[in-house]
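Engineer:
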Amino acid sequence: MIEKPPSLPPGYKQGKWRSYLSTQISPQLLQQTLITSTDRFFIILLTCLGFIIRLAKLWLPARIVFDEVHIGTFLRFYFRGEFFIDVHPPLMKLIYFWIALLFDWNGNMEFSKIGQLYHADPDHEFPYVMLRLFSASCGILTVLLTYLILRYSACRSSVAFFGAGLVLIENSLITHSRLILLDSPFLLCIALVVFGMKRLQLQSNPFSIKGIKFLVVIGWALGLLTSIKLVGLFTIAWCGILTIQQIWRQLGDLDIKVSTWFGQIFARLLCLVVLPITIYLSIFMVHFETLPFSGEGSGIMSPIFKSGLGDYEYLTNQPIDVSYGSTVTLKHLGTEAYLHSHNFTYWSGTGEQQVSLYEFMPDDNNEWILETRNKNREGQLQKKFRPIKDGDTIRLFHKSTGKYLHVNNEVRPPMSDHDYTKEVSCNSNREELLGNINYEFKVRIVSKTYYSDNELPLRKLQATRSIFQLIHADSKCILMSHPVRLPDWGFGQFEVLCVDEPTIPNTLWYIEENHHPLIDDDKNYARVKFPQYNFFRKLWELHKTMFRINSSFTTHHRYSSKPETWPFVLRGINYFSNEGMTKYINEDPSHIYLLGNGAIYYTANLIILITFIKLSFYMFKHLNPFTIPYESLSISSYYQNSFEYLLGWAFHYIPFFYMNRELFLHHYLPALFFSILLTAQFIEYQLSKRRQWGIFLIIIISISALYCFWSFMPIIYGLNWTKSQCNHAKWLSSWDIDCMTY
Amino acid sequence: MTILDKKIKVFTAESTKKSKYHPNTDKLSVSPEPSSNQSAFSNHPYSQLKHRTIKNSKSSSHISINDELDELISKTSNLSISNPSKWSNISYWLVNYINPLFLTALSAAVRLYHIDYSNSVVWDEAHFGKFGGYYLNREFYFDVHPPLGKLLIGLSEYLANFNGDFDFKSGAKFPEDCNFIFMRAFNCIFGILCTPVAYYLSLNLGFSNLTTWFLSLSVIFEMLSLTLSKFILLDSMLLFFTVTCYFCLIKLHKLRISNNLLSLNGIKWLTLTGISIGCVCSVKWVGLFITLLIGYYIIYDLLLKTYQLISTDDQSLSNYLLHWISRIITLILIPFCIYALCFKIHFSVLTHSGTGDGSVSTLLQASLEGHSIDFGPRSVGYGSLITMRSQGLSPNLIHSHEHNYPQGSRQQQITTYGFKDENNDFLIEFPFDRGLLASLDYEDDSNRNNNTNNTNNTNITREIINHDELFRTLVKDGDVIRLVHRMTGCLIRTHPISAPIATNHFEVSCFGDIENSNEYKDEWIIEVKFQDKSPSPHFQSEDINEIHPISTNFRLKNKQLGCYLATTGYSYPGWGFQQGEVVCKHSIIAHDKSTWWNIEDHINKELESPKETYIPPPPKFWKEFLLLNYGMMASNNALIPDPDKFDKLSSEWWEWPILHTGLRMCGWTTDEIKFFLIGNPFFFLFTRQSEPLNIKDNGFYLIYLIHHGMNF
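Chains as they are written, first to last, in the numbering used here: chain A, 1 to 742; chain B, 743 to 1454.
(1) Just to confirm, is the Cβ distance from His482/A to Glu501/A under 8 Å?
(2) Assign Tyr859/B to buried or exposed, taking buried as 16 or more other Cβ atoms, counted over all protein chains shown, within 10 Å of its Cβ.
(3) Measuring CA to CA, which of Phe103/A, Val286/A, Ser298/A, Phe651/A is closest to Val231/A?
(4) Taking 8 Å as the threshold, find out whether the segment 1146 to 1155 of chain B comes into contact with the segment 1170 to 1178 of chain B through three or more Cβ pairs.
(5) By the criterion of Cβ-Cβ separation under 8 Å, what are the contact partners of Thr503/A in chain B?
(6) What residues in the segment 1064 to 1082 of chain B have a beta carbon less than 8 Å from any beta carbon of chain A?
(7) Considering only the beta carbon of each residue, do Val1025/B and Met979/B sit closer than 8 Å?
(8) Can you give me the Cβ contacts of Ala267/A inside the same chain, cut-off strictly under 8 Å, excluding the 5 residues immediately before and after it?
(9) Pro487/A CB to nearest chain B CB: under 8 Å?
(10) Once the 5 residues before and after Gly490/A are set aside, which same chain residues still bring their CB inside 7 Å of it?
(11) Determine whether the Cβ of Thr1054/B lies closer than 8 Å to any Cβ atom of chain A.
(12) Going along the chain, which unbroken runs of the beta strand (DSSP E) with 3 or more residues stay wholly within the segment 305 to 354 of chain A?
(13) Name, please, each residue of chain B whose Cβ falls closer than 9 Å to the Cβ of Pro414/A.
(14) Tell me whether Asp809/B sits in a helix, a strand or coil according to DSSP, three-state version.
(15) Which of the three DSSP states is assigned to Tyr859/B in this structure?
(16) Distance check for Ser112/A and His581/A, CA to CA, integer angstroms please.
(17) Does the beta carbon of Asn739/B come closer than 8 Å to any beta carbon on chain A?
(18) With a 10 Å radius around its C-beta and 16 neighbouring C-beta atoms as the bar for buried, classify Ile592/A as buried or exposed.
(19) Indicate the three-state DSSP secondary structure (helix, strand or coil) for Met1130/B in the structure shown.
(20) Between which two residues does the beta strand (DSSP E) harbouring Asp1343/B extend?
(21) Output, in chain order, the set of chain A residues within a Cβ distance shorter than 8 Å of Asn1246/B.
(22) With distances taken Cα to Cα, identify the nearest neighbour of Phe1117/B among Ile1140/B, Thr953/B, Ile1341/B, Tyr1039/B.
(23) In chain order, what are the residue ranges of uninterrupted beta strand (DSSP E) at least 3 long that sit wholly in the segment 1043 to 1112 of chain B?
(24) Between which two residues does the beta strand (DSSP E) holding Val443/A run?
(25) Under 8 Å Cβ-Cβ, which residues of chain B neighbour Met480/A?
(26) Which two residues bound the contiguous alpha helix (DSSP H) that contains Arg748/A?
(27) Helix, strand or coil: how does DSSP classify Met480/A here?
(28) Are the C-beta of Asp417/A and some C-beta of chain B separated by less than 8 Å?
(29) Provide the residue span of the alpha helix (DSSP H) that contains Leu539/A, from first to last.
(30) Of the residues that make up the segment 601 to 630 of chain A, which ones have a beta carbon closer than 8 Å to any beta carbon in chain B?
(31) How about Gly196/A: is its Cβ closer than 7 Å to a heavy atom in the ligand GTP?
(32) Using 8 Å as the Cβ pair cut-off and three pairs as the minimum, do the segment 115 to 127 of chain A and the segment 85 to 93 of chain A touch?
(33) I need the straight-line Cα distance from Ser730/A to Pro888/B, nearest angstrom please.
(34) Determine, using beta carbons only, whether Gln1050/B comes closer than 8 Å to chain A.
(35) So if DSSP puts Ser1240/B in a beta bridge, which residue, or which two residues, is it bridged to?
(36) Does Ser816/B pass the burial test, meaning 16 or more other C-beta atoms within 10 Å, or should it be called exposed?
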């Protein structure tokens, strides 16, 4: 070892050929991050305050608040084992379900609307306080972890207490931790990841028991995180970037052997990639096991998926060959929705009966009878079995309204108005229709499903096997549908249209249910059979569906907002108000409105801006190839931590700008958590540089944050207020707090 | 040291003409880098490296670094360069003059071969040939590409004595008197010239003779650029200027290594780079990609010089500033001037009214000969029939038609439209509170009298109406008006419903009729912002408070919601026929041009037209330049393909490098001469590792860049 030359900045060592940045943890830093009795005192203090602030009046309001109605609905599906689809992975719903079971939920409670009573009668009770208690406990733990995170990023105890205190009294975080929602446990997992990262960075020896332990902690937290919400992927990306940075530093450290370095990479891949994936998959495994029966969500799954659900024997017992006269349901391959028509008319174009795609089953309006192009009497085709072959021309008779599917050559569809598109509607009936080729479609079989065991489905139409196009006999346009929703008059269902020379993916259809009286019970005819559906295929299909549903959340919600408004507390969300509800005895007027703590939000915004500028200059200084800037270890540590938190904030905020779905204020909470960490880090830096100024900042920020918390307590906890106080609290005209409640 | 030997051999081949040769100017990539630094840069000139080493050696007790380096230097300087013999003299001529000439000739032969084979209009000749023709006819047109390429095509048509009659209909036969061979050959020259540039490029990169030949032959026989250079298209020009840009970049790199960028030679090449950038960006906007590459290199260089200035003694402040100034002048100002100059020529050549009238500002239109603007009386009054043009990002006429929004209010659409059409006509009406209706019917004079009677009948309490008050009241700054769509009778209004595309603004729709409408949502307050002065002495003293067609710029503020009628530059999807979006916008900045409007056509038979012909104010070049560029951007953005419609001409980006699909460039009937655009599989196989710069716009263009020859 060569002696460190005096000119090298702290943290650098001189090697044989070059100087390098050592990854050894300096004793000074280790000393700073030792947990002392002061810290224990602060932790106990925070726990007590947490109990008071986060658990106060947890049982109020004793009614369903905001998205609790969705979560509750899903819990009920779990109780009955009915398959459903939600855009979020299942972990949190499963945990809530288990807690509810633990506290003797009888599954009777129906979650129909916001404001419904949780204990209307003994038979329909729901242990909502216990569920809320879980969420609130996660909130308290987050506060404690915040304290530890800040301590391990070399902040002094008082600053760590200040940062944790901000998390503790932040209005929107309190609101969320008091309700049966996903965000509070989600934030806890994020805090756990950050905590693990901080501890890991303090390990000099990467292969010590402790080092491995914290890697495993991060891996677990990441796994749980993504199993709560897929937004956890941003946290994974954050973790990934920091890991790459660490690995990169180790690569430059001459003290670390190459074999150790590769070992590091391997260990991290194992803990940060393999472990989370395993956890994620196992949770889905449990999810599938808990939902053995068909339910609301099974409509948009493929028949092979459905065949794995409990009560779908009839799918596997139906005849495979499709005959003229068969009653079938036609499914669109791309969106897995049924060709549908109902007794409502278009408000545009011809004004004839609507044809659309519908995602739910069973529904009589999804049923069509395939008929020949001749005039057919009622029941005539059902007397003979005559399979439909590739290239045959058919008519589609809508069973419940008695009308035929047809294409209007001159009229364009309501949403996609182009010169190559045509409206599809239902009109006419058996008696009127005579040789009009506008009602005829040619069946062109394009391919077969992957589980077909022979080539037959390519030659004749087979249920669940043949994938085909329907070509309009007159204009040669091809029947298709796409995920473009009809307006309210079409109930937001997908538009069906006919397009000349379309791209292929959206024109493919298959038959799911197939019934013909002659062969339904005759076992001599082949039956539909499905192979075992592989778990991974099942998962893949479920995820495709989840993403499809997620991206179709585009209908405007009253309280949705744009990401650019979030940091500025421009508007909140009305979670609950018992205005106009029949009140039970002693019930006070109560209103819950999600609103950020203005002081904390704006302080954080300012500090984000300052840190960004400071980091840019710091980067510029460090890119200099000619010198190594001389700086103390505490400065390096400040910049490193600030960079990490700023990155965390950006990773949990900026991606939302690129999402097309409806977004809400509470999507900002993870980013807010990082911005509070950044705030504390900034204060620590100020304290070390200019002590007086730092103390002044702490006092100012604390007082204003407390004031904001105090002023809006009634709409956090749903307490009583007066109308004038409420109106007085509308600091911005855009805060639409519902003062009529009081 | 074998690699070093090789390198020096290459150098010998290339730089024997230089009297002095110093190997230290080359990169020292072969030595173990004795740097103590963890910097991200890898391309340090040797001089810097040396400097740093010396500096470090002062601080560290290690002298072995210096030792090794000295050893290396002594070794490399001992490698002698053989004296130029007569053979090398011949090879110098061969390498520098004869080979490139031969290759260029070969390239010309391949490209000009059968250039006249098809005598019909192929592929986009239908567009670009026609645009060139507009320059000959001097008719104003609008296109998404900047004008340089089309100006050159126009030049070729002029040189070919083309009379401008033929309209280049796709697939049509060229007429007898149209010398299309010359036009194609002119365009082909750019394709041919790529070869010598590529050849010298390869030499400058220090490649061996064999590699240089391979590279040049690749360029010659590469079939995409070969096919495209046979026709009257912009692609060969774009490719040529892209290649010259890259060539200049390599020159700059060499000059930077030898620290000669501020010499006369350096300035010369910087200027040439600037000219190349200006040309490539004036042909198509995709030229910005190669500009980005150069920009990246220049920023890297300047950043390094900044650090040198801060931390070392190599760089004097004056020198450093000179570097900045030279870069700004040559690489920003010169390209910009070229770009603007192209537009200047464009505007000065096109002095007649043509197909592009509808989408340019009123002043420019009025300056064109044979324009179709109705100047009408000089002041707008209630009852006037007007068309109104936005001054925002899509400077089109406000328009309405009998189609409703499929979402939001579902009322009749209001759009901006780039073509003249009677659906652009609006009538100015009194606000509801005035109790007057001045709408005139311009079809028939007798109707107008009926109209007057009708208004009298419908409201008995109304006082006897003074004819002058009803029909001759002028609209003043701050007045409230209602705008009635003449064809459908509805009124422009807005409501707190979010607009279809720019969802943070309010939707604007056309709804109701004048007799029954009593909402403030359809009343607009006029705010006059600016008045252009006519050069004619008769029109100097127009009242600034009145609304004058053509010259007054104003904003329209909704009386109830306080937002301003504005355009967003976005286009509606299919249901709105790709026309521009109109919204009501809360605009704080009074100079927000997207909320500015002016009146274009004005008809009012009650008011007096001026005796002298009105001479409109001359268009301001920079304003028109900006507006036209905005317009190009907007129509570029509107070209979004429908994912449901199969387009046999388009292809995906990933298909290009692997030759997954080709392109039929013309009709495919039996008796036609057919052209199929596909890359050369041989060269594509070898350049698979390289990065072709692929550009997709308006259908399909594939540009294969030679600049990654480095991978050979």
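Positions of the beta carbon are idealized from the N, C-alpha and C atoms, including for glycine.
Structural biologist: Taking the structure as given:
(1) The answer is no: Cβ separation not under 8 Å.
(2) Counting of Cβ neighbours within 10 angstroms places Tyr859/B among the exposed residues, the total staying below 16.
(3) Of all alpha-carbon atoms in Phe103/A, Val286/A, Ser298/A, Phe651/A, the one lying nearest the alpha-carbon of Val231/A is that of Phe651/A.
(4) Between the segment 1146 to 1155 of chain B and the segment 1170 to 1178 of chain B there are fewer than three C-beta pairs closer than 8 Å, too few to call the two in contact.
(5) Chain B residues near Thr503/A: Pro1385, Asp1386, Lys1387, Phe1388.
(6) Cβ contacts with chain A: none found.
(7) Closer than 8 Å, so yes.
(8) A distance below 8 Å between beta-carbons, with the five flanking residues on each side excluded, links Ala267/A to the following residues of its chain, in chain order: Pro206, Phe207, Ile212, Leu215.
(9) For Pro487/A, the answer is yes, since a Cβ of chain B falls inside 8 Å of its Cβ.
(10) Take Gly490/A, set aside five residues on each side of it, and the residues of its chain with a beta-carbon closer than 7 Å to its own are Gln354, Ser356, in chain order.
(11) Chain A contact via Cβ: present.
(12) Counting only runs of 3 or more, we get 327 to 332, 337 to 345.
(13) Under the 9 Å cutoff, chain B gives Pro1148, Trp1317.
(14) Asp809/B: helix per DSSP, three-state reduction.
(15) If DSSP states are grouped into helix, strand and coil, Tyr859/B belongs with coil.
(16) Checking the sequence, you will find Met at residue 581/A rather than His. About 15 Å.
(17) Nothing about residue 739/B can be reported from this structure: the residues present for chain B run from 743 to 1454 only.
(18) Of the residues assessed, Ile592/A falls on the buried side of the cut-off, its CB having 16 or more other CB atoms within 10 angstroms.
(19) Looking at Met1130/B - three-state DSSP - the assignment turns out to be strand.
(20) First-last of the beta strand (DSSP E) with Asp1343/B: 1339 to 1345.
(21) For Asn1246/B, the neighbours in chain A by C-beta distance under 8 Å run, in chain order, Lys562.
(22) Here the closest residue by C-alpha is Ile1341/B.
(23) Counting whole runs of 3 or more residues, the segment 1043 to 1112 of chain B contains no beta strand (DSSP E) stretch at all.
(24) 441 to 448 is the extent of the beta strand (DSSP E) around Val443/A.
(25) For a Cβ distance threshold of 8 Å, residue set Asp1386 of chain B lies close to Met480/A, ordered along the chain.
(26) One cannot answer for residue 748/A here, as it falls past the ends of chain A, which runs 1 to 742.
(27) The answer is strand: DSSP assigns Met480/A an E or B state.
(28) True, the Cβ-Cβ gap to chain B drops below 8 Å.
(29) Taken as a continuous stretch (DSSP letters only), the alpha helix (DSSP H) holding Leu539/A covers 535 to 551.
(30) So the close ones are Leu623, Asn624, Pro625, Phe626, Thr627, Ile628.
(31) Looking at this structure, you won't find the ligand GTP or any other ligand, since it has none at all.
(32) No: fewer than three Cβ pairs fall under 8 Å.
(33) Per the sequence shown, residue 730/A should be read as Lys rather than Ser. Their backbone Cα atoms lie some 53 Å apart in a straight line.
(34) With 8 Å as the cut-off, Gln1050/B counts as an interface residue toward chain A.
(35) Note: Ser1240/B sits in a beta bridge opposite Phe1248/B.
(36) Exposed is the call here.
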